[in-house]
Ligand SMILES: Cc1cc2nc3c(=O)[nH]c(=O)nc-3n(C[C@H](O)[C@H](O)[C@H](O)COP(=O)(O)OP(=O)(O)OC[C@H]3O[C@@H](n4cnc5c(N)ncnc54)[C@H](O)[C@@H]3O)c2cc1C
Ligand SMILES: Nc1ncnc2c1ncn2[C@@H]1O[C@H](COP(=O)(O)O)[C@@H](O)[C@H]1O
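Chains as they are written, first to last, in our numbering: chain A, 2 to 268; chain B, 1108 to 1426.
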């Protein structure tokens, strides 16, 4: 089987709110000093799901694709170190500042170019913009079925068997291949590559494709092709200062709290 | 300017979900005299339309084939309604069905959807959608280059205004085929009051130290009253297997807006706050005075939950 993992590099989502800055002139996040960008967490988990399918099917391979700047090669290398076989970086100034649609269109073009893909694994959402669209849009671009927010991904004769997280619990889904699955944190932790694997991945070449390689026009990708237009990015207003409950003992503090809540008529 | 707005509704137990009713009310406010329509699919859909106060037209199919959500069955029906309603704006719940319908419907209509929005406004004839981004560290506002504008919307973003139900109902076709098949469903939600409906939510985090810590959290909820309070959890606690995913509060969990939100041994990561910052009063119990939760809480107690929570329970018992 040929499995594709879509992996995005993002600003570290654990960046403390105090270090999070926005440049309001450009509506862009200012990279926090000394905090390196990371592989979006759910994409590492998607890679784990793909690698387990690979390991269960002798002769399979995993290709990891990222659309991003030069630095996104690090996200690709991380998935290669986990056990993926090949990496493709979609890197072109024309791809910049796209929306979910242009991102999915570009990724789907790369998947078509690979040709023999059986399944695509995405994260449930990229942990920067938190849209949760790209996996679904890749499926629509390719005309494939899709199942989202997977907790586990298995296999039977007719395709993938997916347990997904739904509002009131879990749902089991059978999906024929080729298809797209998006993976959630309920799947569990991804593997940690060991040093020899990290060194081997560092030596691997990452294929680079631009607009022309994908048969796309600059007008249909990136900012030019996007349909959703970011008009304003700001930080939310801070709340009021906390009132710490006075008292020397838990009982006194608890009494002060309950009195406040009763006075506010909220309990 | 009068605008036509279509709401993609959802049913639970033959009734429109609260978010469906919120979206219809919100649409009525934005339509400025245009037509508001709602789609309803599944057993009881035609009858349930009457509850959608503020809508002029309902598009409905009572086919039980729609009762289990499969996007590939819903999409042609919703598209049939779009063909007739010709909306300027489509509103969808940020729910299990909505998360999947939004992007796929937008793609099929050559347009775009903004996900997980908290507000939609009409700015001089152009719809703008606002949503949190970067785990709640930022707020983003989008415009649309294509029509219709589409948004999935968080629960409780609009208030239910009521009013007269639809004056006409148009029948939609029955359910067709789906390539994906639902082969099983396991309901895992806490018994009784749901966290999204409760007026008090008591949540526990990783700082509880063990699954048993939730017994104390549940005891606090019970002391407040099982008819008022429900128990939630941070993702860290859920990932550790201490509490079910259905109770997770936050960006990738549920959004709750109770009168009081207790954060017990929760640090207050932006992704957790994304699910509870709309609460009227946040109470934080944390032994670290520098925890971020104290930046959003109205009341705080700095200390070990193992001594603080029992003291709160005792105090509540005094009545
Ligand atoms: C894309 C993305 C989505 C996410 N979605 C969610 C989400 O939906 N919901 C969510 O909750 N998180 C989410 N997270 C995770 C989030 O970033 C935090 O990691 C998580 O909320 C931390 O959980 P916590 O506060 O329980 O644990 P911790 O951060 O470990 O905090 C534990 C707290 O307990 C306190 N403590 C320890 N012992 C005691 C004691 N005895 N008494 C009192 N206090 C004590 C500590 O001081 C600490 O503040 C998401 C993360 C990402 C990247
Ligand atoms: N620039 C990108 N490069 C590679 N994969 C991406 C990119 N953007 C999104 N994805 C994939 O699509 C998923 C959902 O992203 P989003 O719809 O942006 O939340 C991510 O978890 C990735 O698997």
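The C-beta atom is built at its ideal place from N, Cα and C for all residues, glycine as well.
Quick check: residue i and residue j, are their CB atoms within less than 9 angstroms of each other?
| i | j | result |
| --- | --- | --- |
| residue 1111 (chain B) | residue 1195 (chain B) | yes |
| residue 10 (chain A) | residue 85 (chain A) | no |
| residue 1278 (chain B) | residue 1251 (chain B) | no |
| residue 1264 (chain B) | residue 1164 (chain B) | no |
| residue 175 (chain A) | residue 161 (chain A) | yes |
| residue 1478 (chain B) | residue 1117 (chain B) | There is no way to answer for residue 1478 (chain B), as the model of chain B reaches only from 1108 to 1426. |
| residue 5 (chain A) | residue 122 (chain A) | yes |
| residue 137 (chain A) | residue 1210 (chain B) | yes |
| residue 129 (chain A) | residue 67 (chain A) | no |
| residue 177 (chain A) | residue 1286 (chain B) | yes |
| residue 96 (chain A) | residue 259 (chain A) | no |
| residue 1418 (chain B) | residue 255 (chain A) | yes |
| residue 1399 (chain B) | residue 237 (chain A) | no |
| residue 18 (chain A) | residue 1402 (chain B) | yes |
| residue 186 (chain A) | residue 1223 (chain B) | no |
| residue 80 (chain A) | residue 108 (chain A) | no |
| residue 1362 (chain B) | residue 267 (chain A) | no |
| residue 1272 (chain B) | residue 1157 (chain B) | yes |
| residue 2 (chain A) | residue 54 (chain A) | yes |
| residue 14 (chain A) | residue 39 (chain A) | yes |
Quick one: residues in its chain with C-beta nearer than 7 angstroms to the C-beta of residue i, no 5 flanking neighbours on either side, listed in chain order?
| i | result |
| --- | --- |
| residue 1337 (chain B) | 1297, 1300, 1301, 1302, 1305, 1308, 1328 |
| residue 145 (chain A) | 179, 180, 181 |
| residue 227 (chain A) | 99, 100, 102, 103 |
| residue 1221 (chain B) | 1236, 1238, 1249, 1258 |
| residue 126 (chain A) | 43, 132, 133 |
| residue 1326 (chain B) | 1420 |
Helix, strand or coil, according to DSSP, for residue i in the structure here?
| i | result |
| --- | --- |
| residue 148 (chain A) | strand |
| residue 1181 (chain B) | helix |
| residue 96 (chain A) | helix |
| residue 200 (chain A) | helix |
| residue 125 (chain A) | coil |
| residue 251 (chain A) | helix |
| residue 1363 (chain B) | coil |
| residue 1302 (chain B) | coil |
| residue 1339 (chain B) | strand |
| residue 1214 (chain B) | helix |
| residue 1355 (chain B) | strand |
| residue 1322 (chain B) | helix |
| residue 132 (chain A) | coil |
| residue 118 (chain A) | coil |
| residue 171 (chain A) | strand |
| residue 1173 (chain B) | helix |
| residue 19 (chain A) | helix |
| residue 262 (chain A) | helix |
| residue 1 (chain A) | In the structure as shown, chain A begins at 2 and stops at 268. Residue 1 (chain A) is therefore absent and cannot be evaluated. |
| residue 176 (chain A) | strand |
| residue 1388 (chain B) | strand |
| residue 1247 (chain B) | strand |
Go through its chain and collect everything with a Cβ distance to residue i's Cβ below 6 angstroms, but skip five positions before and after it.
| i | result |
| --- | --- |
| residue 173 (chain A) | 164 |
| residue 1232 (chain B) | 1108 |
| residue 1360 (chain B) | 1382 |
| residue 1323 (chain B) | 1416 |
| residue 1315 (chain B) | 1372 |
| residue 248 (chain A) | 254, 257 |
| residue 65 (chain A) | 6, 8, 77, 80, 85, 88 |
So, for residue i: in the same chain, excluding its five sequence neighbours on each side, which residues have a beta-carbon less than 8 angstroms away from its beta-carbon?
| i | result |
| --- | --- |
| residue 1183 (chain B) | 1280, 1283 |
| residue 1193 (chain B) | 1111 |
| residue 212 (chain A) | 93, 95, 96, 218, 219, 222 |
| residue 1162 (chain B) | 1114, 1131, 1134, 1135, 1143, 1144, 1145, 1156, 1272, 1273 |
Contact residues within the region 1212–1224 of chain B, judged by C-beta distance below 9 angstroms to chain A: Residues of the region 1212–1224 of chain B with a Cβ closer than 9 angstroms to any Cβ of chain A, in chain order: 1213, 1214, 1215, 1217, 1218, 1219, 1220, 1221, 1222, 1223.
Output, in sequence order along the chain, the residues in the region 1399–1410 of chain B whose CB is closer than 9 angstroms to any CB in chain A. Per Cβ criterion, the list reads 1399, 1400, 1401, 1402, 1403, 1404, 1405, 1406, 1407, 1408, 1409, 1410.
Interfacial residues, the region 225–245 of chain A to chain B, with Cβ spacing under 8 angstroms: Taking 8 angstroms as the Cβ-Cβ cut-off against chain B, the residues of the region 225–245 of chain A that qualify are 227, 228, 229, 230, 231, 232, 233, 234, 235, 236, 237, 239, 240, 241, 243, 244, 245.
Output needed in chain order: residues of the region 71–88 of chain A with a Cβ under 7 angstroms from some Cβ in chain B. Answer set for the region 71–88 of chain A: empty.
When Cβ atoms are compared, which residues of the region 97–108 of chain A fall closer than 9 angstroms to chain B? Legend: CB atoms of the region 97–108 of chain A lying less than 9 angstroms from CB atoms of chain B belong to residues 100, 101, 102, 105.
Near-chain B residues of the region 119–149 of chain A (beta-carbon distance less than 9 angstroms), N- to C-terminal order: Within the region 119–149 of chain A, 125, 126, 128, 129, 130, 131, 132, 133, 134, 135, 136, 137, 138, 140, 141, 142, 145, 146, 147, 148, 149 place their CB atoms closer than 9 angstroms to a CB of chain B, listed in sequence order.
In chain order, what residues of the region 159–181 of chain A put their CB closer than 7 angstroms to some CB of chain B? Answer in chain order: 166, 167, 168, 169, 170, 171, 172, 173, 174, 175, 176, 177.
Residues of the region 1335–1369 of chain B with Cβ closer than 9 angstroms to any Cβ of chain A, in chain order: Listed by position, the residues of the region 1335–1369 of chain B near chain A (Cβ gap below 9 angstroms) are 1335, 1336, 1342, 1345, 1346, 1351, 1352, 1353, 1358, 1359, 1361, 1365, 1366, 1367.
What residues in the region 1273–1304 of chain B bring their beta carbon closer than 7 angstroms to a beta carbon of chain A? Residues of the region 1273–1304 of chain B with a Cβ closer than 7 angstroms to any Cβ of chain A, in chain order: 1286, 1287, 1288, 1289, 1290, 1291, 1292, 1293, 1294, 1295, 1296.
Closer than 7 angstroms, Cβ to Cβ, to anything on chain A: give me those residues from the region 1195–1209 of chain B, in chain order. Only those residues of the region 1195–1209 of chain B whose C-beta falls short of 7 angstroms from the nearest C-beta of chain A are listed: 1202, 1203, 1206, 1207.
Return the residues of the region 1231–1254 of chain B that lie within a Cβ-Cβ distance of less than 9 angstroms from chain A, sorted by chain order. Per Cβ criterion, the list reads 1235, 1236, 1237, 1238, 1239, 1240, 1241, 1242, 1243, 1244, 1245, 1246, 1247, 1248, 1249, 1250, 1251, 1252, 1253.
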